[in-house]
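Novice: For the record, the sequence lines run as chains W and A. Our numbering numbers the first residue of the first sequence as 1 and each following residue consecutively. Our numbering numbers the first residue of the second sequence as 652 and each following residue consecutively. One structure is given below, represented as structure tokens, and several questions about it will come after.
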Amino acid sequence: MTATMDPAAKQTSPRLDSKVPQGDITNLWENHKFSMNLVNPNNKRKFSVIVVGTGLAGASAAATLAELGYKVKAFTFHDSPRRAHSIAAQGGINGAKNYQNDGDSVYRLFYDTVKGGDYRSREANVHRLAEVSVNIIDQATAQGVPFARDYGGLLDNRSFGGAQVSRTFYARGQTGQQLLLGAYSALNRQIENGGVEMHNRKEMLDLVTKDGETAGIITRDLLTGEVESHSAHAVVLATGGYGNVYYLSTNAMMCNATAAWRAHRKGAFFANPCYTQIHPTCIPASADHQSKLTLMSESLRNDGRIWVPTAFDDNRLAADIPEGERDYYLERKYPAFGNLVPRDVASRNAKTVVDEGRGVGPLKNGVFLDFADAIARDGMETIKAKYGNLFDIYANITGEDPYQRPMRIYPATHYTMGGLWVDYHLMTTIPGTYAIGEANFSDHGANRLGASALMQGLADGYFVLPYTIGDHLAGKLGDAPVPTTDPVFQAAEAEVADRTNQWLSINGTESPEHYHRELGKIVWERIGMARDENGLQKAQDEIVSLEEEFKKNVRVMGDNTSMNTELEKVGRVADFFELAKLKARDALVRNESCGGHFRVESQTEEGEALRDDENFKHVAAWEWNGEGVDQTKHEEQLDFEYVKLSQRSYK
Amino acid sequence: MSETTINVTLEVWRQNGPADKGHFETYEARDISTDSSFLEMLDIVNEQLIKEEKVPVTFESDCREGICGTCSLMINGQAHGPNKGQATCQLHMRTFKNGDHITIEPFRAASFPVIKDLAISRAALDSIQHAGGYITVSTGSAPDANLTPVPKEAADVAMDAAACIGCGACVAACPNSAAQLFTSAKINHLNLLPQGQSERWKRVEAMVDTMEDFFGTCTNHGECHEACPKEISLDFIAFMNRDYVKAKIKNRKLAGQK
Chain W
1 MTATMDPAAK QTSPRLDSKV PQGDITNLWE NHKFSMNLVN PNNKRKFSVI VVGTGLAGAS
61 AAATLAELGY KVKAFTFHDS PRRAHSIAAQ GGINGAKNYQ NDGDSVYRLF YDTVKGGDYR
121 SREANVHRLA EVSVNIIDQA TAQGVPFARD YGGLLDNRSF GGAQVSRTFY ARGQTGQQLL
181 LGAYSALNRQ IENGGVEMHN RKEMLDLVTK DGETAGIITR DLLTGEVESH SAHAVVLATG
241 GYGNVYYLST NAMMCNATAA WRAHRKGAFF ANPCYTQIHP TCIPASADHQ SKLTLMSESL
301 RNDGRIWVPT AFDDNRLAAD IPEGERDYYL ERKYPAFGNL VPRDVASRNA KTVVDEGRGV
361 GPLKNGVFLD FADAIARDGM ETIKAKYGNL FDIYANITGE DPYQRPMRIY PATHYTMGGL
421 WVDYHLMTTI PGTYAIGEAN FSDHGANRLG ASALMQGLAD GYFVLPYTIG DHLAGKLGDA
481 PVPTTDPVFQ AAEAEVADRT NQWLSINGTE SPEHYHRELG KIVWERIGMA RDENGLQKAQ
541 DEIVSLEEEF KKNVRVMGDN TSMNTELEKV GRVADFFELA KLKARDALVR NESCGGHFRV
601 ESQTEEGEAL RDDENFKHVA AWEWNGEGVD QTKHEEQLDF EYVKLSQRSY K
Chain A
652 MSETTINVTL EVWRQNGPAD KGHFETYEAR DISTDSSFLE MLDIVNEQLI KEEKVPVTFE
712 SDCREGICGT CSLMINGQAH GPNKGQATCQ LHMRTFKNGD HITIEPFRAA SFPVIKDLAI
772 SRAALDSIQH AGGYITVSTG SAPDANLTPV PKEAADVAMD AAACIGCGAC VAACPNSAAQ
832 LFTSAKINHL NLLPQGQSER WKRVEAMVDT MEDFFGTCTN HGECHEACPK EISLDFIAFM
892 NRDYVKAKIK NRKLAGQK
């Protein structure tokens, strides 16, 4: 790939109009809201909108659009909207309220997010996100989200993920659950009053377009296998990220990329698939049967000290290793930040010591996170009060008591910053199809800050999309949606039915789970925490040959007329194969390190990620060209007018 | 942690669809690491069944960290298994001994029809939520979050109620298949907060009445609390009953003023 060498390539592709308005960033969104077209309240009921996914982004969007008067159909493959994986977020949600009087502001949250994203996000989007963050806190509180409070009854905040201000709102260790229950309650109100037609246990298996514009979606009923068409004026994809391409991740078992990937195949460009956040503090895998990994809150690094033995292949218990034979490698290498270096730096350093053969635990696949000093300093009761529930989770999973011996942790895939390319209106390259929440690529650049995922999902759903979608729909007044009897729907239905049935007829020898696990090993090994040219080229070959075997040799038991989780799974794994290929390619052509994307060839003398702003200060958005043909890369050049480009340093 | 393996014998409920009568089948789970979770043990059994060209056991799970409420299962007659305060996905095989016989059934209640094998429908719980499980506040109309102080104690108790994951273990454990613990958790989460006061009486009446359309009557066994993975307090049922009685008067009075 030499496109980046060509000076002409430094222009934004004409296919990627970001629609970012001109002007001063501090009132860009305010002014833009005024300039967008509105739909008259009486006309809103004439427009139908499909929302796929009911996590924070989807539930908040569906509820808000229905409140405005649009006819909304919402879809989830779960049995209830409240099961979406947003529910598992622990830490908190950022909001630039400055309730703590510690110097926070919309501008500071904007600045921190652009810098934390290692200068690979769009400034205008990020500023808007910081602006509406304050409205989200108001909205959630009014819904009854039981955020933590101090004794005067006002909201409490904490500092999170190394931020220098306390701007994180939280509800014990269950902030995601409580915010999702809030969005779900707003959705319930609309289901009850008829504003939202809710479809549970239906999975979107294709996007339908007509003459390049959005027509609707094809779903499969997970209880009966029935394939159905649904048409609308607009489709909103709120279907989450692609972290399960690694097989083992902190994502839920059913999280998948199928809806986004099917939209990609219908013309939506897929942006920055190489950007993945690897979270440094997860419980290491215990054996091959491991089905998922569990995150331990990042807050543990405030008091825990991370170390490994200085000796290789040391089999002693932690307590038997004297102080002089321990390597507190983060404190040694980064004296200023110590154990609180950003997520990507902490993760990479853990990988380095484990690869050296200094890992701990039965599989030598972790590092110690030790609270002995904190307990000696603050007392057992204080540590118990701060982290008791996390210690209990750890003890339950590992069978070890973290009060008596250090925890073992290791990084795991947690969040994906890449996703469907969207413009300032959150519209994909298919007119009428939108992507919100983790499903889009927009706000986190190459690395997401802690407590910002919940913020972005709700910002998109409550406060951005409801405005921008009207600008598109206003121009469609009088147009009926494409009827589901149209040949485009008939053809798409037939294709989905064929694809589904075909899996049942292969009758090979290995389960979909087997191939998912094997794919995950390749992606983790080659496109994980450190990537290099040789490995990425190998990854491409290995994925292709495994995919060929998968298509010939997968065994899907059961039928297509009743609940069949194997049949659900196989289609998702097939799409992960295609996504993994693009991910490897994106990682290969982005020959720089930035945020969560670390190319071994591009590092400073001290081993830190080294950006190449000259050649890669862009979004890479990939265009589908059909089966068996490579995608075309398009670039959106990024400008940094407000946050000055600088090299991150944590020494 | 020294890894050991055990062999267990499973009696698993198989039911090929809602209309099927259903029956138990016996499976041997061999060389199961005591570090694996209960659901990972079932994954291994399913992989084995697929190898033998048999249809794997259908069961549901998603987050596998005890928060989404998707997993269920009666394990040796106990909802979510023997350990207190845990969902099935948090149960590990170190709880069992080599040679144990384990019976695995779906959550059973008239309003939780079996879909297939161990998977059930809990749609009735959603219906209760639709009836009033919200505070009416359209997006954009919220005042500043610190305008209304909420006493810390009230916020904390509301959070205790809001911790409910909607798994339905309370219903499955109840001899009457009553849903009082779930419904009271949902009602009290909102009714205990200042924000929830405007709709307090309407909410409790609508949600309790909807609950009674689907579920049995509470006779104070307390099995629900014992089975609850979030250990939701029985006090919430008392709060709900008090509010329900009051609501019958308050709502009538309001109606009389129309």
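Idealized CB from N, CA, C, for every residue including glycine. Keep in mind that this is a model prediction, so the values were computed, not measured.
Taking all protein chains shown into account, decide if lysine 73 of chain W is buried (16 or more other Cβ within 10 angstroms of its Cβ) or exposed.
Specialist: Locating residue 73 of chain W in the first sequence gives position 73, counting from the first residue. Lysine 73 of chain W should be labelled buried.
Novice: Below 8 Å on the Cβ atoms is my guess for glycine 668 of chain A versus serine 185 of chain W; work out the distance and round it to an integer in Å.
Specialist: To locate residue 668 of chain A, count along the second sequence from 1; it is residue 17. To locate residue 185 of chain W, count along the first sequence from 1; it is residue 185. At roughly 33 Å, the Cβ-Cβ gap does not stay under 8 Å, so glycine 668 of chain A and serine 185 of chain W are not in contact.
Novice: Threonine 398 of chain W: which of A:Glu691, A:Gly720, A:Val663 and A:His743 sits nearest, CA to CA?
Specialist: As a working note, residue 398 of chain W is residue 398 in the first sequence. Among A:Glu691, A:Gly720, A:Val663 and A:His743, the Cα nearest to that of threonine 398 of chain W is on A:His743.
Novice: When the Cβ atoms of the segment 81-98 of chain W are set against those of the segment 514-523 of chain W, are three or more pairs found closer than 8 Å?
Specialist: Result no; under three Cβ-Cβ pairs closer than 8 Å.
Novice: Glutamine 11 of chain W: buried (16+ other C-beta within 10 angstroms of its C-beta) or exposed?
Specialist: The count along the first sequence starts at 1 and reaches residue 11 of chain W at position 11. Result: exposed.
Novice: For histidine 85 of chain W, which residues in chain A fall below 8 Å Cβ to Cβ?
Specialist: Walking along the first sequence from the start, residue 85 of chain W turns up at place 85. Those are Asp713, Cys714 and Cys719, listed as they occur along chain A.
Novice: Run through chain W and tell me which residues come within less than 9 Å of threonine 739 of chain A, C-beta to C-beta.
Specialist: Taking the second sequence and counting its residues from 1, the one referred to as residue 739 of chain A is at position 88. The contacting residues do not exist; threonine 739 of chain A stays about 13 Å from chain W at best.
Novice: Could you give the first and the last residue of the continuous alpha helix (DSSP H) run that contains phenylalanine 391 of chain W?
Specialist: Within the first sequence, the letter at position 391 stands for residue 391 of chain W. From DSSP, the alpha helix (DSSP H) with phenylalanine 391 of chain W extends over 380-398.
Novice: Using Cβ-Cβ distances below 8 Å, what residues of the segment 462-485 of chain W are close to chain A?
Specialist: From the segment 462-485 of chain W, only Tyr462, Phe463 and Pro466 have a Cβ closer than 8 Å to chain A.
Novice: Please classify methionine 1 of chain W: does DSSP put it in a helix, a strand, or coil?
Specialist: Numbered from its first residue, the first sequence carries residue 1 of chain W at position 1. Interpretation of methionine 1 of chain W is limited by its pLDDT of 39, a score under 50 that renders its predicted location unreliable; the figure taken from the coordinates is listed afterwards. Here methionine 1 of chain W sits in coil by DSSP.
Novice: Please decide whether arginine 305 of chain W counts as near chain A, where near means a Cβ-Cβ distance under 8 Å.
Specialist: On the first sequence, position 305 is the one that residue 305 of chain W refers to. With 8 Å as the cut-off, arginine 305 of chain W does not count as an interface residue toward chain A.
Novice: Where arginine 715 of chain A and leucine 38 of chain W are concerned, what is the direct C-alpha to C-alpha distance, given to the nearest angstrom?
Specialist: Translated into positions along the second sequence, residue 715 of chain A becomes position 64. Translated into positions along the first sequence, residue 38 of chain W becomes position 38. So the alpha carbons of these two residues sit roughly 44 Å apart.
Novice: Since glutamine 846 of chain A meets chain W, which of its residues come closer than 8 Å, beta carbon to beta carbon?
Specialist: As a working mapping, residue 846 of chain A is identified with position 195 in the second sequence. Within chain W, the residues near glutamine 846 of chain A are Thr141, Ala142, Gln143 and Gly144.
Novice: Leaving out the 5 sequence neighbours to the left and right, which residues in its chain are closer than 8 Å to asparagine 553 of chain W when beta-carbon positions are compared?
Specialist: Within the first sequence, the letter at position 553 stands for residue 553 of chain W. Ile506, Gly508, Thr509 and Glu510, listed in sequence order.
Novice: What does the Cβ neighbour count give for asparagine 625 of chain W, buried or exposed, with the cut at 16 atoms within 10 Å?
Specialist: Within the first sequence, numbered from 1, the residue matching residue 625 of chain W stands at position 625. Under this definition asparagine 625 of chain W is an exposed residue.
Novice: Say whether chain A places a C-beta atom closer than 8 Å to the C-beta of alanine 580 of chain W.
Specialist: Here residue 580 of chain W refers to the residue found at position 580 when the first sequence is read from its first residue. No - not a single Cβ of chain A is within 8 Å of the one on alanine 580 of chain W.
Novice: With DSSP as the reference, please indicate the residues paired to glutamine 831 of chain A in a beta bridge.
Specialist: As a position in the second sequence, residue 831 of chain A is number 180, starting the count at 1. The partner list for glutamine 831 of chain A (beta bridge, DSSP) is empty, contrary to what the question assumes.
Novice: Let me check one thing: in DSSP terms, what residues is proline 309 of chain W bridge-paired to?
Specialist: Numbered from its first residue, the first sequence carries residue 309 of chain W at position 309. Answer is W:Arg326.
Novice: I'd like to know whether the C-beta of glycine 240 of chain W is nearer than 8 Å to at least one C-beta of chain A.
Specialist: What you label residue 240 of chain W is simply residue 240 of the first sequence in a count that begins at 1. Not one chain A Cβ lies under 8 Å of glycine 240 of chain W.
Novice: Out of W:Ala395, W:Gly470 and W:Asp401, which has the shortest C-alpha to C-alpha gap to glycine 432 of chain W?
Specialist: The sequence position of residue 432 of chain W within the first sequence is 432, counting from 1. For the residues W:Ala395, W:Gly470 and W:Asp401, the minimum Cα distance to glycine 432 of chain W belongs to W:Gly470.
Novice: I think threonine 224 of chain W touches glutamate 203 of chain W, with their Cβ atoms under 8 Å apart; what is that distance to the nearest whole Å?
Specialist: Mapped onto the first sequence, residue 224 of chain W falls at position 224. Mapped onto the first sequence, residue 203 of chain W falls at position 203. That pair is no contact at about 12 Å.
Novice: Hey, phenylalanine 710 of chain A and alanine 770 of chain A: beta-carbon distance below 8 Å or not?
Specialist: By one-based count along the second sequence, residue 710 of chain A stands at place 59. By one-based count along the second sequence, residue 770 of chain A stands at place 119. Going by C-beta atoms, phenylalanine 710 of chain A is nearer than 8 Å to alanine 770 of chain A.
Novice: Among the residues of its own chain, which have a CB less than 6 Å from the CB of lysine 617 of chain W, if the five just before and after it don't count?
Specialist: Reading the first sequence from its first residue, position 617 is the one you call residue 617 of chain W. The answer, listed in chain order, is Leu638.
Novice: Name the residue from W:Asp612, W:His32, W:Leu340 and W:Asn157 whose alpha carbon lies nearest to the alpha carbon of aspartate 102 of chain W.
Specialist: Here residue 102 of chain W refers to the residue found at position 102 of the first sequence. The option with the nearest alpha carbon to aspartate 102 of chain W is W:Asn157.
Novice: Express the C-alpha separation of alanine 491 of chain W and isoleucine 522 of chain W in angstroms, rounding to a whole number.
Specialist: Here residue 522 of chain W corresponds to residue number 522 of the first sequence, with the count starting at 1. Here residue 491 of chain W corresponds to residue number 491 of the first sequence, with the count starting at 1. For isoleucine 522 of chain W and alanine 491 of chain W, the distance between alpha carbons rounds to 35 Å.
Novice: Against chain A, which members of the segment 175-197 of chain W pass a CB distance test of less than 7 Å?
Specialist: Hits within the stretch, in order: Gln177, Gln178, Leu181, Ser185, Ala186, Asn188, Arg189, Ile191 and Glu192.
Novice: Taking one C-beta from the segment 16-35 of chain W and one from the segment 124-131 of chain W each time, how about it: are there three or more such pairs within less than 8 Å?
Specialist: The answer is yes - the segment 124-131 of chain W touches the segment 16-35 of chain W, with three or more Cβ pairs under 8 Å.
Novice: By Cβ distance, which residues of its chain are closer than 8 Å to methionine 652 of chain A, with the 5 residues on each side in sequence left out?
Specialist: Position 1 of the second sequence, counted from the start, is the residue given in the question as residue 652 of chain A. Residue confidence for methionine 652 of chain A is low, a pLDDT of 44 falling below 50, so the modelled location carries little weight and cannot support an answer.
Novice: Is asparagine 438 of chain W helix, strand or coil by DSSP?
Specialist: Counted from its first residue, the first sequence places residue 438 of chain W at position 438. The sequence given here places glutamate at residue 438 of chain W; asparagine does not occur at that position. The answer is helix: DSSP assigns glutamate 438 of chain W an H, G or I state.
Novice: Let's see if you can read the secondary structure: which residues bound the beta strand (DSSP E) around asparagine 658 of chain A?
Specialist: Stepping through the second sequence from its first residue, residue 658 of chain A is reached at position 7. From DSSP, the beta strand (DSSP E) with asparagine 658 of chain A extends over 656-665.
Novice: On the DSSP letters alone, give me the boundaries of the beta strand (DSSP E) that serine 229 of chain W sits inside.
Specialist: The sequence position of residue 229 of chain W within the first sequence is 229, counting from 1. Note, serine 229 of chain W: beta strand (DSSP E), 227-231.
Novice: For the alpha helix (DSSP H) holding proline 512 of chain W, just list the boundary residues, first then last.
Specialist: Position 512 of the first sequence, counted from the first residue, corresponds to residue 512 of chain W. Note, proline 512 of chain W: alpha helix (DSSP H), 512-526.
Novice: Tell me the rounded alpha-carbon separation between valine 20 of chain W and tyrosine 424 of chain W.
Specialist: Taking the first residue of the first sequence as 1, we reach residue 20 of chain W at position 20. Taking the first residue of the first sequence as 1, we reach residue 424 of chain W at position 424. Cα to Cα, the separation comes out at about 6 Å.
Novice: Return the Cβ separation of aspartate 586 of chain W and cysteine 274 of chain W in integer angstroms, given the expectation that the two are a contact with Cβ distance under 8 Å.
Specialist: Reading the first sequence from its first residue, position 586 is the one you call residue 586 of chain W. Reading the first sequence from its first residue, position 274 is the one you call residue 274 of chain W. Rounded, the Cβ-Cβ distance is 4 Å, consistent with contact.
Novice: Mapping DSSP to helix, strand and coil, what is aspartate 150 of chain W?
Specialist: Position 150 of the first sequence holds residue 150 of chain W. The answer is coil: DSSP assigns aspartate 150 of chain W none of H, G, I, E or B.
Novice: According to a CB-to-CB cut-off of less than 7 Å, which residues of the segment 509-537 of chain W neighbour chain B?
Specialist: In the displayed structure, chain B is absent; the protein chains listed are W and A.
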